[in-house]
Every structure is written in C-alpha cells, then in structure tokens.
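Q: Attaching a single structure in structure tokens format; questions to follow.
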Amino acid sequence: MNKKVAIEAKEVTKLFGTFEALKGITADIYEGEVVVVLGPSGSGKSTFIRTINGLEEHNSGTIKVNGTELNNNVKNIEKIRSEVGMVFQQFNLFPHLSVLRNITLAPQKVKKLPKSEAEDLAMSLLERVGIPEQAKKFPSQLSGGQQQRVAIARALAMQPKIMLFDEPTSALDPEMIKEVLDVMTELARSGMTMICVTHEMGFAKEVADRFLFFDEGLIVESGTPEHFFENPQEDRTKLFLSQIL
Amino acid sequence: MRIVIWIKENLLGSKIDILMTLISAYFIYFIASLFLNFVFTTDWTLIQVNRKILLVGLFPEEQLWRIWTVFSIFSILISATIGYLYKLKLRNSIFYILILIIPFLIFTTMNLLVNVLIILFFSIISYSVFYYLKEKKLKITSRILLLSWLIFLPTLFFILILFGGPKVTLWGGFFVNLILAVIAILAGFPLGVFLALGRASSYQVIKLVSIIFIETFRGAPLIAWLFFAWFVLPNFLPNLFSLNDINLVIRAMIVLSLFSSAYIAEVIRGGLQSIPKGQKEAATALGLNSIQELLFIVLPQALRVVIPAIVSTFIAIFKDTSLVFILGITDLLRIGRLIPEQQQEFYGKSIETLLVVALLFWVVSIVLSQVSRSIEERLNVSK
Ligand SMILES: Nc1ncnc2c1ncn2[C@@H]1O[C@H](COP(=O)(O)OP(=O)(O)OP(=O)(O)O)[C@@H](O)[C@H]1O
Ligand SMILES: [Mg+2]
Numbered sequence: 003m004n005k006k007v008a009i010e011a012k013e014v015t016k017l018f019g020t021f022e023a024l025k026g027i028t029a030d031i032y033e034g035e036v037v038v039v040l041g042p043s044g045s046g047k048s049t050f051i052r053t054i055n056g057l058e059e060h061n062s063g064t065i066k067v068n069g070t071e072l073n074n075n076v077k078n079i080e081k082i083r084s085e086v087g088m089v090f091q092q093f094n095l096f097p098h099l100s101v102l103r104n105i106t107l108a109p110q111k112v113k114k115l116p117k118s119e120a121e122d123l124a125m126s127l128l129e130r131v132g133i134p135e136q137a138k139k140f141p142s143q144l145s146g147g148q149q150q151r152v153a154i155a156r157a158l159a160m161q162p163k164i165m166l167f168d169e170p171t172s173a174l175d176p177e178m179i180k181e182v183l184d185v186m187t188e189l190a191r192s193g194m195t196m197i198c199v200t201h202e203m204g205f206a207k208e209v210a211d212r213f214l215f216f217d218e219g220l221i222v223e224s225g226t227p228e229h230f231f232e233n234p235q236e237d238r239t240k241l242f243l244s245q246i247l
Numbered sequence: 546m547r548i549v550i551w552i553k554e555n556l557l558g559s560k561i562d563i564l565m566t567l568i569s570a571y572f573i574y575f576i577a578s579l580f581l582n583f584v585f586t587t588d589w590t591l592i593q594v595n596r597k598i599l600l601v602g603l604f605p606e607e608q609l610w611r612i613w614t615v616f617s618i619f620s621i622l623i624s625a626t627i628g629y630l631y632k633l634k635l636r637n638s639i640f641y642i643l644i645l646i647i648p649f650l651i652f653t654t655m656n657l658l659v660n661v662l663i664i665l666f667f668s669i670i671s672y673s674v675f676y677y678l679k680e681k682k683l684k685i686t687s688r689i690l691l692l693s694w695l696i697f698l699p700t701l702f703f704i705l706i707l708f709g710g711p712k713v714t715l716w717g718g719f720f721v722n723l724i725l726a727v728i729a730i731l732a733g734f735p736l737g738v739f740l741a742l743g744r745a746s747s748y749q750v751i752k753l754v755s756i757i758f759i760e761t762f763r764g765a766p767l768i769a770w771l772f773f774a775w776f777v778l779p780n781f782l783p784n785l786f787s788l789n790d791i792n793l794v795i796r797a798m799i800v801l802s803l804f805s806s807a808y809i810a811e812v813i814r815g816g817l818q819s820i821p822k823g824q825k826e827a828a829t830a831l832g833l834n835s836i837q838e839l840l841f842i843v844l845p846q847a848l849r850v851v852i853p854a855i856v857s858t859f860i861a862i863f864k865d866t867s868l869v870f871i872l873g874i875t876d877l878l879r880i881g882r883l884i885p886e887q888q889q890e891f892y893g894k895s896i897e898t899l900l901v902v903a904l905l906f907w908v909v910s911i912v913l914s915q916v917s918r919s920i921e922e923r924l925n926v927s928k
C-alpha cells in the first residue's frame, strides 16, 4: 500500500524520575490505519499514546504528527493537539457542563466556531454516536456507555485526523462495552487513523490493520492480526496472548 | 395525620425515646419560658430610643438617604445575581425575607418599614428581570452583572462620601458591620481567587509571593492585625501615600479584606486540588490553553465544591467585624455595650441591648447559611 505517514515515532524514551517507562519506541502509523496496542500492565502503552499529543513530554527521540515535530514550540503543540483527538478510560467528561456544552466548548473556544454552528456540529455527532436525545442532560445522568460515546463525540468535534483511545471500554459494565465498540468500529470503517489500547480481542481482530505488542517500555513484536493469532514469534507475546484469549 | 405518625415514630418509639422526649421537652420549656418571660416583662424603650444609634451610629439624620441608597443598590444587585444564578423556591424565599424583616419590626417606625418594603419590591422586580433574561439566554446578562459588581465598590464610596457626605469617623452601628463585611468579601474574594491560583501556579516567584502573603495573614489573629493597623503602621512606615492619616475605618477595611482574602484563598485551594487530573488532561487534549482550562473547566468546578466553605468564611468575616471596636470604631456590639454604660436612664440594662445585637448578627448569619445550603442542594442535582 502506498500510504502517507500520520505519526512517526523514533527512539522515543520517557522517564518518570529514574524509571524508564519507554525505552526507545520506533513506529510509523499510516494514514487511515487502525493500530491496536497490546501488552501487560505497566508496559508503557498509555505512556506511549500520551506522548503523541504531548500529555506526557518525551525525554528523547522524535515524534512527528502529520509532519509537525512535537517539541517545545507552542505552535507545533497546538497544531498537533488540533489534529489528534483522545478518548480516556475514565471518560473525563466535564461534570458541570451539559452533554451539548461538553461537545461545543472546544470548537467554540479553540476554533472560534459560532455557537449555532458548534451546536449543529454537536448534534450531528451525537446523532452519529446514537444519543441525540441526551444533549440537554448532564454527564452524571448518563450510563457509562453513553458517557463514553459523548466523550468520543467531544473529541470528534475538533475534527481530528487521528484518534487515540486508551482502554475506552475498561471502565464499563460488560453490557455497555458493545455500544462503544460499535461506534469505534464505525469510526474505523470511515477511514479515521486510530491507535487503540484495548483488551477487546474480538474488536481488535475485526478492525485492526496492525498490532503493536508492548513489554517493559519496548515494542516487542508488531504485525497483522493474523500474524499475531496464528504465528506469534516472541515468547512474551505468546505468553500474553495465552493469558488474555 | 402525618404529624401524629411522625410523633409516634420519632418521639414515642421506645421507653428510652419517651424518657428523652420528656426530658428535652422540660428543658426546652424551661429555657423558653425564661426567655419569653424576660422578653415580655422587659421595658424595651431603650431600644426604641436608641434605634438609630444601634443601626447607624452617629451618621447624621439628614444624610441617611446615602445609606438607604447604597442599601437599595446592594439588595437590587444581590437579587439580580440570585435571579441569574438560581431559581429560588417560593417557600424558601419567603422564609429568608421574613427572617430579614422581623428584626426591623423591633425598630419600626412607619418610615423605616415603608422604605424596606419599597426596596423589597424593587429587589423582587430585579430578581424576576434577571431570571427572565437568563431564560432568554442573553449572553450580555452575565456581563452586565459582573460589571455592576465591579463598579459597585467605587459607587458605594462615592455615594457615602462625596458631595458633603459625613466624615467616616461618624460611621457606626450595624451599618459599619455590614459595610465592612461587604467590602471585605467583595475585595477579599477576587484577591483570594488570585492568591489560590498563584499558590497553585508553576511560576515559582508568583507561588512564593502568594504563599508568603497567605501564611503571613493566617499566621496571626485578626485582632493582632487590627492592632498592627492602629499602632504599628504609623510608626513603622514612612508616611507613604499619607498612609498614616488614613481614617481608622478605612484601615479596618483594608485589614479585613487582606485577612479574609488569605482565608478564602486557602478554601479555594482545597477546591482546586479536588479537581481530578483527568479534567485538565481532557481539556488539554481538546486544545484548550491553560487560561481557558482554568476559566471554563477548573475554576467553575472548584468554586462549586467550596461554596459552603466560602459562605462559612463570609459568615466568620461578618462576625469578626465586631472586633473593630479595637480601633475605636463604634460598631453594633460597641454601641450595645455603651448604651447601658452611658445613658443614665438605661444604666446596667446590658442584657436588653446585647439580645438585640445578637439577634441582628444572628439573622444575617442564619440567612447566609440557609442560602448556602439551598445552593448546595441545587448543585447536587446537576452533579
Ligand atoms: N505519572 C507517572 N509517574 C511515575 N510513574 C508512572 C507515571 N505514569 C506511569 N508510570 C509508570 O510507567 C509505567 C508504564 O505505565 P503505563 O500507564 O504507560 O502502563 P500501561 O501499559 O498503560 O499499563 P495499564 O495496562 O495498567 O494501563 C508503569 O510502571 C507506571 O507505574
Ligand atoms: Mg494504561
């Protein structure tokens, strides 16, 4: 396939104090690609995707997003954040704002979209994630699955080119996981570039173009889902897959 | 017959319940009868005679319109703000209004009551107008309100002092307590917000300055600061900006404002810390800059969390204003002590005056705390 690189990470390291959470991550993510990140707890999955939009500052190596390098230049960081949306495990909706306002806030304040336009956009996104009737409610009045769908709509409202998901279904009751995965599947099919940290293997198998397997701050193995399920090479990958499958 | 059932269940449930009920009932009866007996057998003419002094001290009679004007503007502004922020329950509002007006009945002259009713009327109108404007979602409403509060302080001084207003040394009575509290709160609150943000700031210099300021003022009791303002300041500082000639009432205002800002800052800091890290991360990931993050995400949530604590601080400040007698200011409490000492016909009648003094302080405090409770309930709904 002839594809443009969306995210280019080279030898990225991250230290917490003296602890090395990332020990040199090199990976290219292509436009339109859906990448699932796997690995045991503490292996650096969250840290890696959080360095991509600068929530964590990396200590060495380079990260480029659509050609813009992530460094101390505020302009660059702003540009990258406007192109990268993020969905968190704990939803992190703003509890004091209505669902609609949660979605319209950033477009209005950051992109200076007029209120009516922002609201139209928000409604169409709520439509897309299947809960337009919840617009006037507050986050605490929604179920976990609905909250996470609002969080996805909120991220999409900034019209990002790349979406990062950090275990978006881990905090959900089992019966709500599917509604969130459905939204993510639809998003993947629409051509969005996505990096998902998830343990939902059914979803991963279905939509992922590529897996990255993390262990102790390094990418130990990467490849297509078929490769992973049928023919994993590394012992650590085999061990991990045997535990979660 | 809910009451009968309630009584049966809660007061007469078991033998112990019955015993407790009887003991408490006797106790309440004992206290209440003492109190009522005193209230109804006492000659209250001393309050009647000293009505004006208790309320406004030596403020000249023909200048009283200034106080009335300030008072009216204040209550109209407060009502507008409440109308903009909350939908009051009718039952609650009647309770607040009654409890605020009852002490006025003690001081009733027809004039006074008519004035109060007129102000009440305009306040209700302004409440309704702003409630309506909020429903209309007019953006300008909040700006008008904010602006009005900003110009309220200078306006207040303007009305009270300029164009032949009485000397500040003549200010006294309950008026002084109220105005000191209002100023300490209006000036102390924004300053407190800035100090709290400063203390949480990542700029080390700002952080250090905020910490030093806060800890200095919290480190000594208010009384000490008042003494400082009176005795030490003039000898300590060169006569910068003719600071030494500043009237004691103004000095009390400054000390109270600074003192309360330090306490408010600490309360708000607690609120800031209670906001989960994920909130800031979500805002950052959406591309909000740090000021937008603060204004739209962190501060609104932090302030909500600390409303009850802030109102408690307000109440404490209000009651602390009675300490300004140290500066020789004849506030309500001071006057309550002076009347039985200095007026021969009422010699030694301290209980009567002090009861009225207590009632006035109590009424304002109770309404403040009730308002904070209903705000809290309202906020829990949208949580
Ligand atoms: N803010 C931090 N301060 C110190 N150590 C941290 C911090 N964040 C992460 N770490 C450490 O870095 C390592 C990688 O953490 P990370 O959250 O990236 O793991 P993860 O792969 O996402 O694990 P999980 O599946 O449990 O979410 C862990 O050992 C963790 O303890
Ligand atoms: Mg993680």
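Chains as they are written, first to last, in my numbering: chain A, 3 to 247; chain B, 546 to 928. Just so it is clear, CB atoms sit at the ideal spot from N, CA and C, and this is done for glycine as well. Small disclaimer: the values here were computed from a predicted structure and weren't measured.
Does residue 83(A) have its Cβ less than 8 Å from a Cβ in chain B?
A: Cβ-Cβ to chain B under 8 Å: yes for residue 83(A).
Q: Could you have a look at residue 631(B) and say whether DSSP puts it in helix, strand or coil?
A: Residue state, collapsed to three classes: coil.
Q: Do residue 223(A) and residue 200(A) have their C-beta atoms within less than 8 Å of each other?
A: Their beta carbons are not under 8 Å apart, which means residue 223(A) does not touch residue 200(A) by this criterion.
Q: Beta-carbon of residue 818(B) versus every beta-carbon of chain A: anything under 8 Å?
A: Taking Cβ atoms only, chain A never reaches closer than 8 Å to residue 818(B), which makes this a no.
Q: Beta strand (DSSP E) containing residue 764(B): first to last residue?
A: It is not in any beta strand (DSSP E) - residue 764(B) carries neither H nor E in the DSSP assignment.
Q: By DSSP, does residue 194(A) sit in helix, in strand, or in coil?
A: Looking at residue 194(A) - three-state DSSP - the assignment turns out to be coil, as it is neither helix nor strand.
Q: Drop a sphere of 10 angstroms on the beta-carbon of residue 247(A), count the other beta-carbons inside from all chains shown, and report buried for 16 or more, exposed for fewer.
A: Classification of residue 247(A): exposed, given that the 10 Å Cβ count is below 16.
Q: Evaluate the contact criterion for the region 734 to 748 of chain B versus the region 622 to 633 of chain B: three or more CB pairs, one atom per stretch, below 8 Å.
A: Taking 8 Å as the limit for Cβ pairs, the verdict is that the region 622 to 633 of chain B does not touch the region 734 to 748 of chain B.
Q: Strictly below 7 Å CB to CB, what residues from chain A border residue 829(B)?
A: Simply 57.
Q: By DSSP, does residue 589(B) sit in helix, in strand, or in coil?
A: Coil at residue 589(B), not helix or strand.
Q: For the beta strand (DSSP E) containing residue 216(A), name the first residue and the last one.
A: Run containing residue 216(A): 212 to 217, per the beta strand (DSSP E) assignment.
Q: In three-state terms, what does DSSP make of residue 11(A)?
A: Strand, per DSSP.
Q: Do you know offhand how far residue 721(B)'s Cα is from residue 833(B)'s?
A: One C-alpha to the other measures close to 45 Å.
Q: On the DSSP bridge assignment, give the partners of residue 25(A) in chain order.
A: According to DSSP, which records beta bridges pairwise, residue 25(A) is partnered with 15(A).
Q: Identify every run of the alpha helix (DSSP H) within the region 97 to 168 of chain A, keeping only runs that are complete inside it and at least 4 residues long; order them along the chain.
A: Entirely contained in the region 97 to 168 of chain A, the alpha helix (DSSP H) runs reaching 4 residues are, in chain order, 101 to 111, 117 to 130, 146 to 158.
Q: Can the beta-carbon of residue 910(B) be found less than 8 Å from the beta-carbon of residue 863(B)?
A: Yes; because the gap between Cβ atoms is below 8 Å, this pair is in contact.
Q: Does residue 16(A) pass the burial test, meaning 16 or more other C-beta atoms within 10 Å, or should it be called exposed?
A: That one is buried.
Q: Going by other Cβ atoms of all chains shown within 10 Å of its Cβ, with 16 needed for buried, is residue 23(A) buried or exposed?
A: Answer is buried; the Cβ neighbour count reaches 16.
Q: Please classify residue 124(A) as buried or exposed, where buried requires at least 16 neighbouring CB atoms within 10 angstroms.
A: Classification for residue 124(A): buried.
Q: Pick helix, strand or coil for residue 567(B), following the three-state DSSP scheme.
A: Helix.
Q: What does residue 88(A) reach in chain B if we use C-beta pairs closer than 7 Å?
A: Within chain B, the residues near residue 88(A) are 830.
Q: What residues of chain B sit near residue 127(A), judged by a beta carbon separation below 7 Å?
A: Under the 7 Å cutoff, chain B gives no residues; its nearest Cβ is about 14 Å from residue 127(A).
Q: Should residue 620(B) be counted as a contact of ligand 2 given a C-beta to heavy atom distance under 7 Å?
A: Residue 620(B): no, Cβ never under 7 Å from ligand 2.
Q: Strictly under 8 Å for the Cβ-Cβ distance: is residue 80(A) near chain B by that measure?
A: Yes, residue 80(A) lies at the interface with chain B (some Cβ there is under 8 Å from its Cβ).
Q: Just how far apart, CA to CA, sit residue 850(B) and residue 816(B)?
A: The straight-line gap from Cα to Cα measures roughly 6 Å.
Q: Does residue 824(B) have its Cβ less than 8 Å from a Cβ in chain A?
A: Chain A, which has a Cβ nearer than 8 Å to the Cβ of residue 824(B), makes this yes.
Q: Run through chain B and tell me which residues come within less than 7 Å of residue 108(A), C-beta to C-beta.
A: Residues of chain B passing the Cβ test: 831, 832, 833.
Q: Could you name the residues that DSSP lists as bridge partners for residue 30(A)?
A: Bridge partners of residue 30(A): 10(A).
Q: CB-CB under 7 Å to residue 865(B), same chain, minus the five flanking residues each way: which ones, in chain order?
A: These residues qualify, in order along the chain: 767.
Q: For residue 96(A) and chain B, any beta-carbon pair shorter than 8 Å?
A: Yes, residue 96(A) counts as interfacial toward chain B.
Q: CB residue 179(A) to CB residue 187(A), shorter than 8 Å?
A: Not closer than 8 Å, so no.
Q: Shorter than 8 Å from the beta carbon of residue 841(B) to some beta carbon of chain A?
A: True, the Cβ-Cβ gap to chain A drops below 8 Å.
Q: Is the shortest distance between the beta-carbon of residue 849(B) and the beta-carbons of chain A less than 8 Å?
A: Taking Cβ atoms only, chain A reaches closer than 8 Å to residue 849(B), which makes this a yes.
Q: Tell me whether residue 562(B), by its Cβ, gets closer than 7 Å to a heavy atom of ligand 2.
A: Not under cutoff, so the answer is no.
Q: In whole angstroms, what is the alpha-carbon distance linking residue 161(A) and residue 858(B)?
A: In a straight line, the C-alpha of residue 161(A) is about 45 Å away from that of residue 858(B).
Q: Give a yes or no on whether 8 Å exceeds the smallest Cβ distance from residue 67(A) to chain B.
A: It does not: the Cβ of residue 67(A) has no partner Cβ on chain B nearer than 8 Å.
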